[in-house]
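Have a look at the structure below before the remarks.
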Amino acid sequence: LLLTTLKKKFNTKCDNMSEVYEEKERIEQKRRQRQENKKILKPHVLAYQEKISSLKGKEMMFQQRNKKKKKSSTLSDFILNHYEETRPSKYVKRMRRNFYFFARRVMLIAFPSIELTVYGSTATRLDDPDSDMDVGISKLVDEKEKCFDDDPHEGLRMLYELFLVVTLIAPTFEVIFLSNAKVPLLTINDHLSGLSLDVSCKPATLKLNMFNEYTAIDDRVLPLLKVVKSWAKHKQICNAYANFMNSFGYCCMVIAFLQHKSILPNLQSPETGDLIPASKYLISNSLATTNTSSVGDLLLEFFDFYVNHFDASTTRISILHGGFKEKEAHLFKQDKLSDNTLVCEDPFEPLVNFSRHVNKVTFAVIQKAFINAHTQLKNNHFLF
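For the sequence shown, this note's numbering begins at 301 and goes up steadily by one.
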């Protein structure tokens, strides 16, 4: 019995020692891999920084020359000037392009056949010069042909390790991995250029296509979307984490209103959610809308509609159904954090309320902001 007990203890100790050796070997292998990656990446990092430094200088000179803003005599002028003045300059666009291709070059080390999609405000032309770039990974296969599509968390963790090497080469880079988020997110900040890249494994390509199709129908749509989005940010009511709507929600409010005004059609099938290309719609509908209101008049009507005609207690915002539909709040999921005070139906996920985090308190704040904006515009004052 004593011999058996000693033998078990000896075997256990051997197993523990084996695990220790294996762990040490893994750590050493990781260290060697990091050193190898550092050698590969260093020339790319230095070349990238040289390009960015040059473009940053040109951007500063450009801003100095273009400090003066255009004067706006009408509300329409204000909206159109705002859109033009808040567009990124050619130098910012070049910096973004360099940042994107640099980040892609880093990712190719671990995933030689990676496929990326740019989406969000950058792709829809609703971005500001300091907007983040949203990049989605649509194919995640490593050099051993292992696919991470079913385990995006592990794939993003590998990319996180790679970009940590970049931060060792150039401290101007910062990398953050939000591993516990509902959708894991990798954020890469470059403090030299002032740019930021958000990488996820769920690119919102359907929403991107939808926005691009709607903005292709009428020239008034894009400036109107931009001014409402900017106004909401200016009033600090555009933050889902603070229980307000995000910018996507305000954009959907604008599109729903324009559908209601017969300026935009419903480009989706309510049954399947499939998009009809704008080109097909324009050809079959004589390429024009009968509503010729100026973009300034439309902005005033937008606020008037949501202040005096839209009833959130009985109606939901749904561009999937052509603008608005009976609320039917009981059909939407409710929990402790959501009472469906405001319902904005997701255009690609029927009966999903993407404004569910808006509660009675924050909805009252949103309502007050809309009332004040409506009053300002009626009194011939600009929004900001």
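Note that CB positions come from ideal geometry on N, CA and C, so glycine has one too.
Computed from a predicted structure; not experimentally measured.
For this session: Look at serine 421 and serine 547 and say whether their C-beta atoms are less than 9 Å apart.
Result: Against the sequence shown, residue 421 aligns to sequence position 121. Against the sequence shown, residue 547 aligns to sequence position 247. Yes.
Exercise. Tell me which same chain residues have a C-beta within less than 8 Å of the C-beta of asparagine 543, skipping the five on either side of it?
Worked result: One-based indexing of the sequence shown puts residue 543 at position 243. Hits under 8 Å: His657, Val658, Asn659, Val661 and Thr662.
Exercise. Hey, would you say the C-beta of threonine 641 is under 8 Å away from at least one heavy atom of the ligand FAD?
Worked result: The ligand FAD is not among the ligands present in this structure, which contains no ligands whatsoever.
Exercise. Of the residues Lys371, Met510, Leu492 and Gln363, which one's Cα is nearest the Cα of proline 471?
Worked result: Counted from its first residue, the sequence shown places residue 471 at position 171. Closest by alpha carbon: Leu492.
Exercise. Can we say the segment 383-394 touches the segment 609-622, given the rule of at least three CB pairs closer than 8 Å?
Worked result: no
For this session: Name the two residues that bound the continuous alpha helix (DSSP H) containing arginine 616.
Result: Here the question's residue 616 lines up with position 316 in the sequence shown. Counting along the chain, arginine 616 falls outside any alpha helix (DSSP H), though it belongs to the beta strand (DSSP E) covering 615-618.
For this session: Please report the residue range of the alpha helix (DSSP H) in which glutamate 513 lies.
Result: As a working note, residue 513 is residue 213 in the sequence shown. Run containing glutamate 513: 505-515, per the alpha helix (DSSP H) assignment.
Exercise. What's the gap between the Cα of tyrosine 460 and the Cα of isoleucine 488?
Worked result: The residue given as residue 460 occupies position 160 in the sequence shown. The residue given as residue 488 occupies position 188 in the sequence shown. In a straight line, the C-alpha of tyrosine 460 is about 9 Å away from that of isoleucine 488.
Problem set entry | Nearest candidate by alpha-carbon position, reference isoleucine 269, set Lys342, Leu600 and Lys356 | Nothing can be reported for residue 269, as the shown portion of the chain is limited to 301 through 684.
Problem set entry | Sequence-distant residues of its chain with Cβ nearer than 8 Å to aspartate 518 (five each side left out) | Residue numbering aside, residue 518 sits at position 218 when the sequence shown is read from its first letter. So the qualifying residues of the chain are Leu558, Ile563, Leu564 and Thr589.
Exercise. Tell me which same chain residues have a C-beta within less than 7 Å of the C-beta of phenylalanine 632, skipping the five on either side of it?
Worked result: Translated into the one-based positions of the sequence shown, residue 632 becomes position 332. The answer, listed in chain order, is Asn640, Val643, Leu651 and Asn653.
Problem set entry | Outcome for histidine 534 when other beta-carbon atoms lying within 10 angstroms are tallied against a minimum of 16 | Translated into positions along the sequence shown, residue 534 becomes position 234. Classification for histidine 534: exposed.
For this session: Say whether the segment 393-405 touches the segment 372-382, bearing in mind that this needs 3 or more beta-carbon pairs closer than 8 Å, one atom from each stretch.
Result: no
Exercise. Between which two residues does the beta strand (DSSP E) harbouring isoleucine 437 extend?
Worked result: The residue given as residue 437 occupies position 137 in the sequence shown. Looking at the DSSP string, the run of the beta strand (DSSP E) that includes isoleucine 437 is 433-439.
Exercise. For glycine 596, which three-state DSSP category applies?
Worked result: For the purposes of this step, residue 596 is taken as residue 296 along the sequence shown, with counting starting at 1. It is helical.
For this session: Return the CA-CA distance between glutamine 536 and glutamine 335, expressed in angstroms with no decimal places.
Result: In the sequence shown, residue 536 corresponds to position 236, counting from 1. In the sequence shown, residue 335 corresponds to position 35, counting from 1. Near 45 Å, if we compare the C-alpha coordinates of glutamine 335 and glutamine 536.
Exercise. Cβ atoms of valine 418 and phenylalanine 463: under 9 Å apart, would you say?
Worked result: Within the sequence shown, residue 463 is the residue found at index 163, counting from 1. Within the sequence shown, residue 418 is the residue found at index 118, counting from 1. Going by C-beta atoms, phenylalanine 463 is not nearer than 9 Å to valine 418.
For this session: Could you tell me how far apart the beta carbons of valine 595 and serine 376 are, in whole angstroms, since I believe they sit closer than 8 Å?
Result: As a first step, residue 595 must be located in the sequence shown, where it is residue number 295. As a first step, residue 376 must be located in the sequence shown, where it is residue number 76. Contact holds; Cβ gap of about 5 Å.
Exercise. Would you call the CB atoms of leucine 524 and leucine 598 closer than 9 Å?
Worked result: For the purposes of this step, residue 524 is taken as residue 224 along the sequence shown, with counting starting at 1. For the purposes of this step, residue 598 is taken as residue 298 along the sequence shown, with counting starting at 1. For leucine 524 and leucine 598, yes; Cβs fall inside 9 Å.
Exercise. How many Å lie between threonine 505 and lysine 324 at the Cα?
Worked result: The residue labelled residue 505 in the question sits at position 205 within the sequence shown. The residue labelled residue 324 in the question sits at position 24 within the sequence shown. Each residue's alpha carbon lies about 43 Å from the other.
Exercise. What is the C-beta distance between isoleucine 576 and leucine 582, in whole angstroms, given that I count them as a contact (C-beta under 8 Å)?
Worked result: Residue 576 sits at position 276 when you count from the first residue of the sequence shown. Residue 582 sits at position 282 when you count from the first residue of the sequence shown. Rounded, the Cβ-Cβ distance is 10 Å, inconsistent with contact.
Problem set entry | Residue from Lys338, Val392 and Ser373 with nearest C-alpha to lysine 351 | Sequence index remark: in the sequence shown, residue 351 carries index 51 (1-based). Of Lys338, Val392 and Ser373, the residue nearest in Cα terms is Val392.
Exercise. Expressed to the nearest angstrom, what Euclidean distance is found between the alpha-carbon atoms of threonine 374 and histidine 674?
Worked result: Taking the sequence shown and counting its residues from 1, the one referred to as residue 374 is at position 74. Taking the sequence shown and counting its residues from 1, the one referred to as residue 674 is at position 374. Their Cα atoms are separated by approximately 16 Å.
Exercise. Excluding five sequence neighbours on each side, which residues of the same chain lie with their C-beta closer than 6 Å to the C-beta of leucine 478?
Worked result: Counted from its first residue, the sequence shown places residue 478 at position 178. Leu485.
Exercise. Can you pull the DSSP bridge partners for glycine 623?
Worked result: Residue numbering aside, residue 623 sits at position 323 when the sequence shown is read from its first letter. Partner(s): Ser618.
Problem set entry | Beta-ladder partner(s) of glutamine 536, from DSSP | In the sequence shown, the residue the question calls residue 536 occupies position 236. Answer is none; glutamine 536 lacks a bridge partner.
Exercise. Excluding five sequence neighbours on each side, which residues of the same chain lie with their C-beta closer than 8 Å to the C-beta of valine 435?
Worked result: In the sequence shown, counting from the first residue as 1, residue 435 sits at position 135. Apart from the 5 residues on each side of it in sequence, valine 435 sits with its Cβ closer than 8 Å to the Cβ of Tyr400, Ala403, Leu416, Thr417, Val418, Tyr419, Leu497, Asp498, Val499, Ser500 and Pro503 in its chain, given in chain order.
Exercise. Can you name the start and end residues of the alpha helix (DSSP H) that threonine 467 belongs to?
Worked result: The residue labelled residue 467 in the question sits at position 167 within the sequence shown. 452-469 is the span of the alpha helix (DSSP H), which, as asked, contains threonine 467.
For this session: Just mark leucine 685 as buried or exposed, buried being the case when its beta carbon has 16 or more other beta carbons within 10 Å.
Result: Lying outside 301 to 684, the shown extent of the chain, residue 685 is not represented and no answer is given.
Problem set entry | Counted within 10 angstroms of its Cβ, other Cβ atoms place lysine 647 as buried (16 or more) or exposed | By 1-based counting over the sequence shown, the position of residue 647 is 347. As written in the sequence, residue 647 is proline, which differs from the lysine given in the question. So proline 647 counts as buried.
For this session: Grab me the residues of tryptophan 531's own chain with a C-beta within less than 8 Å of its C-beta, minus the 5 sequence neighbours each way, in chain order.
Result: Stepping through the sequence shown from its first residue, residue 531 is reached at position 231. Closer than 8 Å at the Cβ level, and outside the excluded window around tryptophan 531, lie Ala673, Leu683 and Phe684.
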